[in-house]
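A quick write-up on the structure given underneath.
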Amino acid sequence: MITSEVFSSPCKHPNGLQWTENGLYVMDQELDDVYILDEKGNTKNKLQTITENGSGITVGGGFIWTASNGETQARSFRKTDTHKGLIYKLDLDTGEYVDKFPTPDGGGIHGIEWDEGFIWITAFNPKAIYKVDAETYEIISRFLVEEERLHGLARQDKGIWCAHTSTKKIIKYDIDNGSILDTIQLDKDDPYPHGMSIKKDKMWISDSNFGGKLHSNTLMGKPSFATINL
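Now the structure itself:
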């Protein structure tokens, strides 16, 4: 195994991760709550959100941003559900709704990553990673990728890491042209990477242990949190 498990999951389907000075933000795909954990996995806070089928999460500009990946398959419908792919801008302290904007391709969304006033977003049609202005929501750029099932994102240096869940492959792409800078191939016994974030010299990943209707064969039997040395 390449990964090292760090602690048990506080929620059923941890689908997105983002480290901040305040702790590790976790997007739960089941109930769409946001957990804030310390380094030992203890829950510091939990915020309810209007996210639906929660996937990625990032923090920046004084807000939480969540990837709302269309119609939920893990819980009952709520009045606030839209069944559409959206990015929600939420209050940092309460998780309450502030604003929203549609995904760049109008479809589903997994990965989302803050980058100094911009947000990187995964897309599926076509398979691409977009850079969007966090104020205007205007598309700044994009690059296409060949690998399937784009999920968690993490910026590092001149690149952005993207977890390709089904193949357990994590690829670092050049942010200017999309060329491949590095690749991490996880072993068969490693978890499936869904959420992802970098803290110092370690990459953190979460396995949500949920594949929905399309990916029910990519399950390890439990949700988990693990690290990879970079």
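Following my numbering, the numbering of the sequence shown begins with 936 at its first residue and continues without gaps. We put the beta carbon where it would ideally sit given N, CA and C, even for glycine.
Identity of the residues DSSP links to residue i by a beta bridge
i: Y960; result: Q953 and I971
i: L982; result: V969
i: Q1120; result: K1104
i: S1003; result: G989 and L1021
i: Y1032; result: L1025
i: V1067; result: I1054 and I1074
i: S939; result: T1162
i: V994; result: I999
i: D1040; result: None; D1040 has no bridge partner.
i: E1048; result: W1055
i: D1125; result: Per DSSP, none; premise fails for D1125.
i: K1062; result: F1059
i: I1115; result: Y1108
Opening and closing residue of the beta strand (DSSP E) in which residue i lies
i: H1086; result: L1085 to Q1091
i: Y1023; result: G1020 to D1026
i: L1165; result: Premise fails: L1165 is in no beta strand (DSSP E) and is neither H nor E.
i: H1099; result: G1094 to H1099
i: S1141; result: K1137 to D1142
i: S1132; result: G1130 to K1134
i: T1057; result: F1053 to F1059
i: D1016; result: That residue, D1016, is in no beta strand (DSSP E); it is neither H nor E in DSSP.
Distance between beta carbons of residue j and residue i, contact taken as under 8 angstroms
i: S1003; j: E987; result: 5 angstroms
i: S1143; j: H948; result: 4 angstroms
i: W1049; j: Y1065; result: So it is not a contact: roughly 14 angstroms between Cβ atoms.
i: W1000; j: Y1032; result: Contact flag wrong, Cβ pair sits at about 12 angstroms.
i: G989; j: D1016; result: Incorrect: roughly 11 angstroms between the Cβ atoms, too far for contact.
i: L1121; j: Y1108; result: The Cβ separation is near 17 angstroms, so there is no contact.
i: N950; j: I971; result: Contact flag wrong, Cβ pair sits at about 15 angstroms.
i: I1106; j: E1082; result: 6 angstroms
i: A1089; j: V941; result: Rounded, the Cβ-Cβ distance is 16 angstroms, inconsistent with contact.
i: D1124; j: M936; result: 5 angstroms
Whether residue i touches residue j by CB criterion (8 angstroms)
i: P1128; j: A1098; result: yes
i: S1132; j: W954; result: yes
i: G1052; j: G991; result: no
i: L959; j: L952; result: yes
i: T1029; j: I1044; result: no
i: K1104; j: L1085; result: no
i: D973; j: K979; result: yes
i: K1137; j: I1095; result: no
i: S1159; j: S944; result: yes
i: N1060; j: G1042; result: yes
i: G1113; j: F1145; result: no
i: L1025; j: P1037; result: no
i: V1067; j: I1074; result: yes
i: G976; j: A1069; result: no
i: T984; j: V969; result: yes
Residue i: CB within 7 angstroms of a non-hydrogen atom of the ligand ATP
i: N977; result: Summarising the ligand content, the structure contains no ligands, and the ligand ATP is consequently not present.
Cutoff 8 angstroms: residue i Cβ touching any chain B Cβ
i: E956; result: In the structure shown, chain B cannot be found, because there is only a single protein chain.
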